[in-house]
Structures are given as structure tokens and as C-alpha cells.
Amino acid sequence: MTEKDDPTHTWKALPPLSGGVFVSMVTEVFDKENIPNMVKTDLEAGGLGMIMGTETLGDPWKIFVPESEYDRALEIFRSLMGNQEGSDSESSA
Numbered sequence: 011m012t013e014k015d016d017p018t019h020t021w022k023a024l025p026p027l028s029g030g031v032f033v034s035m036v037t038e039v040f041d042k043e044n045i046p047n048m049v050k051t052d053l054e055a056g057g058l059g060m061i062m063g064t065e066t067l068g069d070p071w072k073i074f075v076p077e078s079e080y081d082r083a084l085e086i087f088r089s090l091m092g093n094q095e096g097s098d099s100e101s102s103a
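Residue numbers (our numbering): 11 to 103.
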């Protein structure tokens, strides 16, 4: 069982992002730093959305990390994204 599959983890969402390019950039760095992560959008929940290139219209993308890695992940996230992060508050999974 991988850490991503471990049901004992509490996953916490980083600030939302507006598109897949940003998500890809952040998750690539997390993977290199061995920070487990998963990405969710409304499309995965069965909602309908419209995708234009790498952008999704509607609800933003969210990257979740284990709560134990949240502070380190948020520091990396902010160093990469600066003012690109969404306006929603942080949330938990």
C-alpha cells in the first residue's frame, strides 16, 4: 500500500489553482521532494465542466497533501505560485 492509498492519512487542500499547467508544475516539484499529493476537480466528482486548453472554467483545481506534510508543501506552493493562487480558503479532505 502506498502512502496515497493509506486511509489513516488526513489530507489537506492547498489553496486552489485556476489551471492544469499550475497544478502540473506544483505536483512535479512535490514528487521530486517526495511529498505525496493528489489532485481533485469537480470533473472527478462527476460534475460537468468545460475545458479550454489547459484551463478549466468553473471550480478550481485543488492539490491535497497529507496533513503532516502541509506546512512544507504550502511553503513550496507559495514560492512557486506567488499571486497565482485562488481566492478560496484552505480546506480539508
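A virtual CB, placed ideally from N, CA and C, is assigned to each residue, including glycine. Just so we're clear, the structure is a prediction, and the values are computed from it rather than from any experiment.
- Message: The alpha helix (DSSP H) that contains I105, what's its start and end?
- Response: No answer is possible for residue 105: the residues shown for the chain start at 11 and end at 103.
- Within 10 angstroms of its Cβ, does K47 collect 16 or more other Cβ (buried), or is it exposed? In the sequence shown, residue 47 corresponds to position 37, counting from 1. The residue you asked about is not Lys; residue 47 is Asn in the sequence shown. N47 sits buried, since 16 or more C-beta atoms from the chains shown fall within 10 Å of its C-beta.
- Message: Once DSSP output is grouped into helix, strand and coil, what is the label at I73?
- Response: Sequence index remark: in the sequence shown, residue 73 carries index 63 (1-based). I73 falls in the strand class under three-state DSSP.
- Message: Looking only at its chain, what residues have a beta carbon closer than 7 Å to the beta carbon of F74, apart from the 5 residues adjacent to it on each side?
- Response: Residue numbering aside, residue 74 sits at position 64 when the sequence shown is read from its first letter. The residues are W21, K22, A23, N47, M48, K50, A103.
- For I45 and R88, believed in contact at Cβ under 8 Å, the rounded distance: As a first step, residue 88 is located in the sequence shown; it is residue number 78 there, counting from the start. As a first step, residue 45 is located in the sequence shown; it is residue number 35 there, counting from the start. Not quite, the Cβ-Cβ distance comes to about 14 Å (not below 8 Å), so this is no contact.
- Query: Considering only residues of the same chain and omitting the five flanking positions on each side of M35, which have a CB-CB separation below 8 Å?
  - Reply: Counting from 1 along the sequence shown, the entry for residue 35 is found at position 25. Shown here for M35: same chain residues with a beta carbon closer than 8 Å to its own, the five before and five after excluded, namely L90 in chain order.
- Message: For K42, count the other beta carbons within 10 Å of its own beta carbon; 16 or more makes it buried, fewer makes it exposed. Which is it?
- Response: The sequence position of residue 42 within the sequence shown is 32, counting from 1. Exposed.
- Answer yes or no: do I86 and V33 have a C-beta to C-beta separation smaller than 8 Å? Here the question's residue 86 lines up with position 76 in the sequence shown. Here the question's residue 33 lines up with position 23 in the sequence shown. No.
- Item | Rounded C-alpha distance that separates T18 from G92 | Here residue 18 refers to the residue found at position 8 of the sequence shown. Here residue 92 refers to the residue found at position 82 of the sequence shown. Rounded to the nearest angstrom, the two C-alpha atoms are 31 Å apart.
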